[in-house]
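Quick note, the sequences are listed as chains Z and R, same order.
The opening residue of the first sequence carries number 14 in the numbering used here; numbering runs sequentially from there.
The opening residue of the second sequence carries number 14 in the numbering used here; numbering runs sequentially from there.
Here is the structure we will look at.
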Amino acid sequence: MNDLTPEREERSANLKGLGCSRKRVEDARFTQGKGNYVDDLKMPGMLHGDFVRSPYAHARVVSVNKDAALALDGVVAVLTAEDLAPLNLHWMPTLAGDKQMVLADGKVLFQGQEVAFVVARDRYVAADAVELVEVEYEELPVLTDPFESLKSDVVLREDLAGQTTGPHGPRKHHNHIFTWEQGDETATNQVMDSADVVVEESMYYHRTHPCPLETCGCVASMDKVNGKLTLWGTFQAPHVVRTVASMLSGIEEHNIRVISPDIGGGFGNKVGVYPGYICSIVASIVTGQPVKWVEDRMENLMATAFARDYWMTGKIAATKEGKITGLHCQVTADHGGFDACADPTKFPAGFMNICTGSYDIPVAYLAVDGVYTNKAPGGVSYRCSFRVTEAVYFIERMIEVLAIELDMDSAELRRINFIRKEQFPYQSALGWEYDSGDYHTAWDKALKTVDYDGLRKEQAERVAAFKRGETRTLMGIGLSFFTEIVGAGPVKNCDILGMGMFDSCEIRIHPTGSAIARLGTISQGQGHATTFAQILASEIGIPADSITIEEGDTDTAPYGLGTYGSRSTPVAGAAAAMAGRKIRAKAQMIAAYLLEVHDDDVEFDVDRFVVKGVPERFKTMKDIAYAAYNQAIPGLEPGLEAVSYYDPPNMTYPFGAYVCVMDIDVDTGVPDIRRFYALDDCGTRINPMIIEGQVHGGLTEALAVALGQEIAYDKMGNVKNATLMDFFLPTAWEVPNFETDHTVTPSPHHPIGAKGVGESPHVGGVPCFSNAVQDAFRAFGLRHTNMPHDHWRIWQTANDLGLHE
Amino acid sequence: MIPAAFDYYRPKDVEGVLALLQEHGDDARVMAGGHSLIPMMKFRMAEVPHLIDLQDIAALRGITIDGDTITIGAMVSQHELINHDGLSAAAPILRETALQIADPQVRYMGTVGGNIANGDPGNDMPGLMQCLDAQIELLGPEGSRVVAARDYFEAAYMTDREDDEILISVSFAVPAGGYAYEKQKRKIGDYATAAAAVQITKVGGKVATASIAMTNLSDVPVWSLGAADALVGTACEAGALKAAVAAMLGDIDPTEDNRGPVAFKRHVAGIILTRAITRAWDRA
Ligand SMILES: Cc1cc2nc3c(=O)[nH]c(=O)nc-3n(C[C@H](O)[C@H](O)[C@H](O)COP(=O)(O)OP(=O)(O)OC[C@H]3O[C@@H](n4cnc5c(N)ncnc54)[C@H](O)[C@@H]3O)c2cc1C
């Protein structure tokens with residue numbers, strides 16, 4: 014029955030199910046400019062909000078004078094903390110268990126902080142009125158360096174004065190937030206003390222920003238007649254927003270409807286709850302009119318969630334032969350003025366404890382200290398699962414540094430330390446259970462494809478030519494092997510504000526055999542409407558083209574935790590498969606009834622149930638759907654619907670092997686990427702074309718971060734690069750051709766074996782680009798230099814090594 | 014990024030423009046392609062209550078090549094510079110430069126006149142015009158006058174042009190010999206980290222004349238007579254290149270910004286100039 018006869022193959026192809034490079038159904042509207050984004054919403058009587066923001070990074074707010082602004086024709090209201098205080102909305106809880114000012118309550122803690130919210134009849138008047146609000150500040154000493162902050166007498170968070178314990182344990186200093194420890198410190202130190210070789214390296218993973226093309230925004234509309242609040246917004250987790258909005262406002266949850274329309278990229282930036290949402294809701298409640306707030310590009314870069322900003326010091330111990338025996342990692346994490354990191358509650362440093370990487374490291378210890386500074390709050394997972402880019406960058410740099418110390422080839426060093434195929438499921442020293450992997454196969458395939466040995470030979474020749482004065486370019490070979498940890502996550506240890514991180518899918522099959530499925534996630538460009546339909550097509554035998562996928566409306570979709578951390582396929586995708594199986598189980602009973610045989614005598618065959626051994630006796634899913642609605646079937650309810658809430662038993666662990674070949678102009682610091690090869694193993698591949706698109710996008714953002722994208726502050730706490738002139742957003746011009754490849758190691762615990770892929774290329778790409786730059790200078794004694802590797806920093810590296818005569 | 018309110022005018026001729034400038038004084042400003050001015054208005058760094066659009070003024074358009082003289086109207090776009098066959102043949106350095114300005118979208122809008130009048134040290138046309146010894150025609154209430162590009166730029170965003178004058182055109186002699194415009198930038202759409210415009214003529218295997226100007230390495234474009242002189246009479250061998258670079262480094266005065274510190278910019282300026290001279294010499 015299972016062999017694919019041509020006839021079966023054709024029926025299977027018609028479904029466009031798993032493995033089909035089906036064209037994205039979303040693209041027709043996006044490519045024609047027919048998407049519907051928050052800022053496209055226009056409603057009768059809609060008002061516009063805009064923020065007065067602090068020009069200072071740390072200052073007392075002495076007074077706010079609204080008179081001139083209120084006098085401007087068209088201004089409806091100007092809200093300050095004083096106005097929000099009676100509603101207890103001048104502060105809001107953060108996802109990290111801290112609280113954050115909605116509007117400046119006596120002081121400001123970062124440049125760009127929200128001080129007052131102007132509401133006006135149109136967007137232009139709102140912007141004019143912002144200029145008319147007079148705020149008197151008294152400047153305070155500015156702390157932009159977390160190490161200084163931990164030593165300083167200056168108290169950033171006066172509201173926490175005297176609190177020696179925070180939501181994540183003891184606080185060591187008034188600017189300290191938490192210490193998060195994982196692993197065995199004593200055992201790790203013992204290994205360090207007795208190891209053949211120990212290398213220590215400090216590295217800074219600079220602050221950057223997800224910078225989605227569409228900035229954050231919302232429209233809040235309070236209907237005073239029926240008491241219902243509708244909130245459209247750029248939310249990566251609409252259901253959680255509804256729950257939080259209900260808890261904060263006291264409006265019962267059934268009276269709140271949150272809708273995420275089309276979203277123009279999120280990359281973690283749209284997970285958090287921002288003051289703009291709260292202010293818009295309050296303004297709508299006060300005025301009884303819809304209120305729109307959409308931040309501009311500078312506001313987005315300055316004030317809504319940043320990513321990274323981790324100061325990491327590693328120690329890695331190994332035998333003379335290169336077998337790693339222990340790893341020690343100490344992180345000082347700059348969280349800015351409020352701890353608004355978007356991590357599962359019990360993980361204040363996200364999954365940083367995946368920092369043992371793809372290697373079999375027997376003992377390890379990780380300590381992360383979160384610190385307040387005068388920088389914007391955030392700390393989101395920019396195109397990665399929680400802090401996984403930091404972890405993978407850390408270990409992939411430590412591997413390179415160890416290879417340098419041992420005078421070994423770093424590809425070989427990786428190979429001898431990989432977790433072996435037969436060790437899965439693998440218990441890591443820092444507490445994770447890796448589900449499946451075959452690292453050696455992937456690595457060998459990658460190195461063979463790029464002719465690694467040939468590249469090293471060419472590189473050696475280039476170094477020799479450089480030393481002879483025949484060339485001024487050097488060649489870097491960047492390697493990285495990464496293991497992601499995605500699909501958060503099991504409810505037993507993963508929650509956000511108390512909500513377990515399950516996800517959901519609800520399916521309705523219509524009488525004529527088409528269907529609608531709704532999920533608790535929300536696409537921001539990932540193509541959910543395409544891929545989820547493919548999962549269902551294979552599960553229930555209805556063509557993907559006949560299945561509508563809907564997400565993002567909390568009144569219609571089942572509760573879910575949203576889309577970030579590559580969790581949609583691992584969690585909601587699993588829920589879709591499980592809901593599909595429930596449909597199939599009922600369909601089997603209907604088919605058996607129609608075919609007048611016992612339930613066990615029919616079996617599923619692509620798009621139908623057939624009587625076992627009698628393939629010409631069958632009922633298609635279309636027949637079955639119709640029967641579900643027009644026949645009285647004894648013992649069965651009419652209709653064909655199912656819902657599944659899926660609590661994943663474990664995370665999934667996608668992995669990959671990347672190689673980058675780069676030529677570097679030593680005199681100008683300009684890198685030229687000659688080749689980039691990316692092998693991804695994301696388990697079962699649902700839509701290879703979408704996977705390829707995701708890999709291209711993730712690599713592009715990895716290139717950005719590694720080669721120039723940053724949010725930098727001067728000593729006064731001014732953001733130095735809050736426009737796209739300085740903030741590096743690569744275009745087709747800067748991006749090289751990417752070669753993609755794959756192996757397939759399914760997840761053993763996921764219903765269809767899929768692991769998630771949206772973020773892998775970013776996680777693996779950043780260290781790969783960085784390693785390529787650094788590798789180019791290895792022959793001249795470079796051990797480590799920090800990203801971003803923009804022209805002047807690469808030039809500086811060459812200059813420091815004495816390469817400019 | 015919402016500009017303050019402004020009144021919008023679209024006169025049909027230069028007289029109309031002059032009249033509006035007279036009437037509103039400091040409160041009025043002309044707009045060419047708008048790709049420097051509109052961003053400044055959106056940042057509210059420029060407040061322009063009366064905005065005078067030059068798009069409808071035919072007299073400011075067109076490229077003419079009349080014998081030995083090339084004249085480019087102020088409203089000629091960077092896109093037109095790239096696609097004008099006659100100009101590309103007569104003065105290929107314009108095309109080479111324009112292709113390194115921003116991206117196609119910006120080049121459709123950005124004009125030669127706006128790029129020069131703006132007085133932004135990051136703009137590429139000013140250095141090029143100095144290299145070509147262009148003459149800038151201005152028209153004001155007192156009539157028209159001509160200023161040499163080498164005398165035009167006073168400081169960042171400050172030029173010899175009076176507020177009530179409009180830039181009409183630039184003209185220069187058809188350049189002879191080899192040329193190069195070399196520019197280092199961080200990404201597409203970025204202003205130069207360092208850029209060099211070079212024209213060289215060759216007689217008997219030696220440099221007969223040279224002209225060199227640098228972009229974004231001071232608060233004004235830098236025409237370096239010393240650098241050019243260092244090349245004259247040489248065959249652009251290593252020693253001559255070094256001398257030219259040394260002379261140029263004496264004339265520039267870069268400041269630190271997000272593109273990098275001063276030492277880096279000075280080093281890159283030397284490399285970029287060396288490459289520009291080498292390419293121009295090869296083409297001479
Ligand atoms: C993303 C981006 C990247 C860019 N990159 C580069 C680059 O790499 N190199 C580069 O050189 N430029 C660059 N530019 C600038 C672009 O070339 C501008 O268009 C140009 O500098 C100004 O030309 P404009 O026609 O747009 O002038 P506008 O913006 O309209 O005007 C600029 C100024 O000149 C004045 N002005 C304009 N025309 C006249 C006139 N005829 N008489 C008197 N005053 C006048 C205006 O009043 C205004 O003060 C970039 C712009 C953008 C948006």
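Idealized CB from N, CA, C, for every residue including glycine.
Could you tell me the distance, in whole angstroms, from the CA atom of residue i to the CA atom of residue j?
{"i": "R427 (chain Z)", "j": "P375 (chain Z)", "result": "15 Å"}
{"i": "K595 (chain Z)", "j": "I603 (chain Z)", "result": "13 Å"}
{"i": "T243 (chain Z)", "j": "P274 (chain Z)", "result": "12 Å"}
{"i": "L145 (chain Z)", "j": "K79 (chain Z)", "result": "8 Å"}
{"i": "M14 (chain Z)", "j": "F622 (chain Z)", "result": "At M14 (chain Z) the pLDDT is 44, less than 50, meaning the model places this residue with poor confidence; the figure from the coordinates comes in the next sentence. Each residue's alpha carbon lies about 12 Å from the other."}
{"i": "T177 (chain Z)", "j": "R170 (chain Z)", "result": "12 Å"}
{"i": "G528 (chain Z)", "j": "H541 (chain Z)", "result": "According to the sequence shown, residue 528 (chain Z) is Ala rather than Gly. Roughly 15 Å separates the two Cα atoms."}
{"i": "G182 (chain Z)", "j": "I677 (chain Z)", "result": "47 Å"}
{"i": "E435 (chain Z)", "j": "D373 (chain Z)", "result": "12 Å"}
{"i": "Q195 (chain Z)", "j": "P234 (chain R)", "result": "57 Å"}
{"i": "T268 (chain R)", "j": "A207 (chain R)", "result": "12 Å"}
{"i": "V216 (chain R)", "j": "G246 (chain R)", "result": "9 Å"}
{"i": "A70 (chain Z)", "j": "E152 (chain Z)", "result": "8 Å"}
Cβ of residue i less than 8 Å from any chain Z Cβ?
{"i": "D203 (chain R)", "result": "yes"}
{"i": "I70 (chain R)", "result": "no"}
{"i": "G273 (chain R)", "result": "yes"}
{"i": "A168 (chain R)", "result": "no"}
{"i": "Q197 (chain R)", "result": "yes"}
{"i": "I15 (chain R)", "result": "yes"}
{"i": "A298 (chain R)", "result": "Only positions 14 to 297 of chain R appear in the structure, and residue 298 (chain R) is not among them; the question remains open."}
{"i": "F277 (chain R)", "result": "yes"}
{"i": "K255 (chain R)", "result": "no"}
{"i": "A193 (chain R)", "result": "no"}
{"i": "K200 (chain R)", "result": "yes"}
Within the same chain, show all residues whose beta-carbon is closer than 7 Å to that of residue i, passing over the 5 residues directly before and after it, in chain order.
{"i": "I498 (chain Z)", "result": "F364, I367, S398, V401, W445, M664, Y666"}
{"i": "V61 (chain R)", "result": "F19, R42, M54"}
{"i": "H775 (chain Z)", "result": "R396, C397, T402, G711, E714, A715"}
Report all residues from its chain with a CB closer than 6 Å to the CB of residue i; omit the five preceding and five following residues, and keep chain order.
{"i": "H92 (chain R)", "result": "R120, Y121"}
{"i": "D680 (chain Z)", "result": "R485"}
{"i": "D232 (chain R)", "result": "P134, A168, A169"}
{"i": "D300 (chain R)", "result": "This structure gives no information on residue 300 (chain R), because the portion of chain R shown stretches from 14 to 297."}
{"i": "A587 (chain Z)", "result": "Y659, H763, P764"}
{"i": "T291 (chain R)", "result": "none"}
For residue i, which residues does DSSP report across the bridge?
{"i": "I498 (chain Z)", "result": "The partner list for I498 (chain Z) (beta bridge, DSSP) is empty, contrary to what the question assumes."}
{"i": "M227 (chain R)", "result": "R:A209, R:V235"}
{"i": "P106 (chain Z)", "result": "Z:K112"}
{"i": "Q143 (chain R)", "result": "In the DSSP output, where bridge partners are listed per residue, Q143 (chain R) has none listed."}
{"i": "V187 (chain R)", "result": "Note: V187 (chain R) sits in no beta bridge, so no partner."}
{"i": "H611 (chain Z)", "result": "Answer is none; H611 (chain Z) lacks a bridge partner."}
{"i": "P684 (chain Z)", "result": "Z:I677"}
Check the Cβ-Cβ distances between residue i and every residue of chain R, and say whether any is below 8 Å.
{"i": "H709 (chain Z)", "result": "no"}
{"i": "W306 (chain Z)", "result": "no"}
{"i": "D322 (chain Z)", "result": "no"}
Less than 7 Å separating the Cβ of residue i from some heavy atom of ligand 3?
{"i": "G46 (chain R)", "result": "In terms of ligand content, the structure shown lacks ligand 3 and carries ligand 1 instead."}
Against residue i, what residues of chain C qualify as contacts under a CB-to-CB distance less than 8 Å, listed in chain order?
{"i": "A18 (chain R)", "result": "The chain labelled as chain C is not found among the protein chains of the depicted structure, namely Z and R."}
(request) Report yes or no: do the stretch 756 to 765 of chain Z and the stretch 447 to 462 of chain Z share at least 3 C-beta pairs separated by less than 8 Å? (result) yes
(request) Determine contact between the stretch 219 to 230 of chain Z and the stretch 380 to 398 of chain Z, defined as no fewer than three beta-carbon pairs at a distance below 8 Å. (result) yes
(message) Is it the case that the stretch 51 to 66 of chain Z contacts the stretch 129 to 140 of chain Z, given that we only count it when at least three CB pairs across the two stretches are under 8 Å?
(response) yes
(request) Flag this pair as touching only if the stretch 255 to 262 of chain Z and the stretch 329 to 336 of chain Z have three or more C-beta atom pairs under 8 Å; answer yes or no. (result) no
(request) Pair every Cβ in the stretch 642 to 657 of chain Z with every Cβ in the stretch 517 to 524 of chain Z, then say whether three or more of these pairs are closer than 8 Å. (result) yes
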